[in-house]
Amino acid sequence: MTGVSFDFAGVLTGQPGQWLLSGFLMTIYVTVVGALLATLLAVLLLGLRIAPLAPARGLAIALVELFRNTPILVQFLFWYFAAYNLLPRSFRDYITAEHPWAVLPVGNVLLAPEFIAAAWGLGVFTAAFLAEELRAGLNAMPRGQKEAALSQGFGHWETLRFVLLPQALANSWQPLVTQYLNLMKLSSLASAISLAELTYQVRQVESYNAHAFEAFAVGTVLYLLLGLVLGQLLIVFGPKPVGARARRRAVKANRSATAAAIVGASGDA
Amino acid sequence: MAVGLDFGALADYVPVFVKGVGVTVELTVVGGTLGISLGVTCAWVKTQGPKLLRPVVSLYVELIRNTPFLIQLFFIFFGLPSIGVSMGEMEAAILAMVINLGAYACEIIRAGIEATPRGQFEAGASLAMSRFQTFRHVVLRPALQRIWPALTSQLVIVMFGSAVCSQIAVEDITFAANFIQSRNFRAFEAYIVATLLYLALAILLRQGMRLLGTALFPRRRAAR
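Going line by line, the protein sequences match chains A and B. Taking my numbering, the leading residue of the first sequence gets 1, the next gets one more, and so forth. Taking my numbering, the leading residue of the second sequence gets 1001, the next gets one more, and so forth.
Dropping the structure here:
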């Protein structure tokens, strides 16, 4: 074995640098689209879960448990290799046709089966977790809140919309941010369905010039950086706890809370 | 193309799935055991251990929890050989799982240790136990009991995470499903079977951990 020396320039410049930049951007795109989709689906799931109709609740429970209790990698593979082919032929043809308007800088194509399967897979998986966190936030609400709203003449839907949900959202914001950051980390698994995101491009650099150690070190730092920035943004612009006392408590806890939210409580599976 | 599920098409591949289940179980059991041991060690360092080591453990935990498992696995399998450390895919997979679980388990177990009432430490000290003896005989077991459900969930997550190891050609359940669907194009059937296998394993793992829990913590602790 010869002496070990590192060549980070060989990874950060030229073609490899271009690949890493493109992969980094792709990770951001799929994270943003996946997160939006997850939020939308989580609201739908939560609606089913608290609906006054037993079959709806049963369906929501089954979906949540199914998505939470199987590996997301298998879910990705299922969506990409199996489910995608059930879409109408014309739709698939449209997706695979060339669309110059859908090509983003550095050659990232979003209108592609890989991107759709990845964003959808991330969205569905994360939605199951988001819905459960939101439900936990709702359940933690004191009964008095609901009773007060009803006694003021709010309907059930208005109580939920204007009184319960805003507070539940604020109270469960920390775990929700954790889930969004988890989504970002899990997007690395989309490389298995050949979405050209960061992990995929790191591997490409590694097989291009064999700078494996440097390439993965840069990849690690980029994920760390993205998590840090994303976590901070979500905390700063996220909903704040309602009421003066709760806000004071939140400010006091904020020093460690930001770090805790960035770190996250659950693993990446 | 006629759409219809044909699980009979998988009949020839049953041994592939059986082998896959064996590998997934092996990864989970070995990785889980070693990972929790590493987690206990790190939790000890962070709460009782040498002060000099604490920032090192913190750095390790933060680094692992803030990066994707796939990147960690690739780093070990593809990155380390370039600085002269190479290993087989199974070894790399287990090492990655241990390092990953160690970081998460450390934080979970630390929470359990920090919830220990001061009186427990003082009682240990008053019986002339050393700090380590107190930790080993007085603190650890109730701490583990406190966080047993969280640890179980983390272990299930790690079992799902083992699917990721198929990406470095470890022949687990996911690898089996990929292999089969690339041979007979029965993607639906292959992934549905894989999903059901993981579901069954998750249920088994939870039950196993529950039994292990009742064996390890036979008496319900008195209310404080």
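Even for Gly, the Cβ is constructed at its ideal location relative to N, Cα and C.
Classified as buried, residue 1186 (chain B) has 16 or more neighbouring CB atoms from the shown chains inside 10 Å of its CB. The closest CA to that of residue 15 (chain A), considering only A:222, A:205, A:238, is found on A:205. For residue 218 (chain A), the enclosing alpha helix (DSSP H) stretches over residues 212–237. Cβ-Cβ separation between residue 1023 (chain B) and residue 1171 (chain B): approximately 5 Å, consistent with a contact (criterion under 8 Å). Within the stretch 1148–1185 of chain B, there are no complete beta strand (DSSP E) runs of at least 3 residues. DSSP, reduced to helix, strand and coil, places residue 104 (chain A) within a strand of the structure shown. Residues of the stretch 1156–1169 of chain B with a C-beta atom less than 9 Å from some C-beta of chain A are 1156, 1157, 1158, 1159, 1160, 1161, 1162, 1163, 1164, 1166, 1167, listed in chain order. For residue 13 (chain A), there is no enclosing alpha helix (DSSP H), as DSSP marks it with neither H nor E. Look at residue 1198 (chain B): its C-beta is under 8 Å from a C-beta on chain A.
Residues of the same chain with a CB within less than 6 Å of the CB of residue 8 (chain A), apart from the 5 flanking positions on each side, are 214 in chain order.
At least one C-beta of chain B is nearer than 8 Å to the C-beta of residue 74 (chain A). Closer than 8 Å to the CB of residue 10 (chain A) there is not a single CB belonging to chain B. Following the DSSP letters along the chain, one finds residue 131 (chain A) inside the alpha helix (DSSP H) bounded by residues 113–139. Across the structure, residue 1085 (chain B) and residue 1093 (chain B) are spaced so that their CA atoms are roughly 14 Å apart. Scanning its chain for C-beta atoms nearer than 8 Å, with the 5 sequence neighbours on each side dropped, one finds around residue 57 (chain A) the residues 48, 49, 50, 51, in chain order. Beta bridge pairing from DSSP links residue 1138 (chain B) with no other residue. Annotation: Cβ neighbours of residue 1079 (chain B) in chain A (cutoff 7 Å, chain order): 212, 213, 216. For residue 199 (chain A), at least one C-beta of chain B is nearer than 8 Å to its own C-beta.
Neighbours of residue 82 (chain A) across chain B, judged by C-beta separation under 7 Å: 1187, 1188, 1191. Residue nearest to residue 1019 (chain B) within the set B:1216, B:1061, B:1111, B:1173 is B:1173 (criterion: CA-CA distance).
Contact annotation for residue 192 (chain A) against chain B: 1167 [CB-CB distance below 7 Å, chain order].
Between the stretch 124–140 of chain A and the stretch 59–69 of chain A, the count of C-beta pairs closer than 8 Å reaches three or more; the two stretches touch. With respect to residue 1035 (chain B), residue 1158 (chain B) sits close: the two C-beta atoms are nearer than 8 Å. For residue 219 (chain A), the nearest beta carbon of chain B is closer than 8 Å to its own beta carbon. In the pairwise beta carbon analysis, the stretch 1107–1121 of chain B is classified as touching the stretch 1135–1151 of chain B: at least three pairs are separated by under 8 Å. By the Cβ test, the stretch 177–189 of chain A is not in contact with the stretch 91–100 of chain A, since fewer than three Cβ pairs between them sit closer than 8 Å.
In this structure the stretch 1119–1132 of chain B does not lie against the stretch 146–162 of chain A, because fewer than three pairs of beta carbons, one per stretch, are closer than 8 Å.
Under the 8 Å criterion on CB atoms, residue 1180 (chain B) is classed as non-interfacial with respect to chain A. Beta-bridge partners of residue 109 (chain A) (DSSP): A:103. Taking the C-beta atoms as reference points, residue 183 (chain A) is found nearer than 8 Å to residue 31 (chain A).
When rounded, the separation of the alpha-carbon atoms in residue 169 (chain A) and residue 236 (chain A) is 15 Å.
Listed along chain B are 1074, 1078, each with a C-beta nearer than 8 Å to that of residue 203 (chain A).
The criterion of a C-beta distance shorter than 8 Å is not satisfied by residue 11 (chain A) and residue 119 (chain A).
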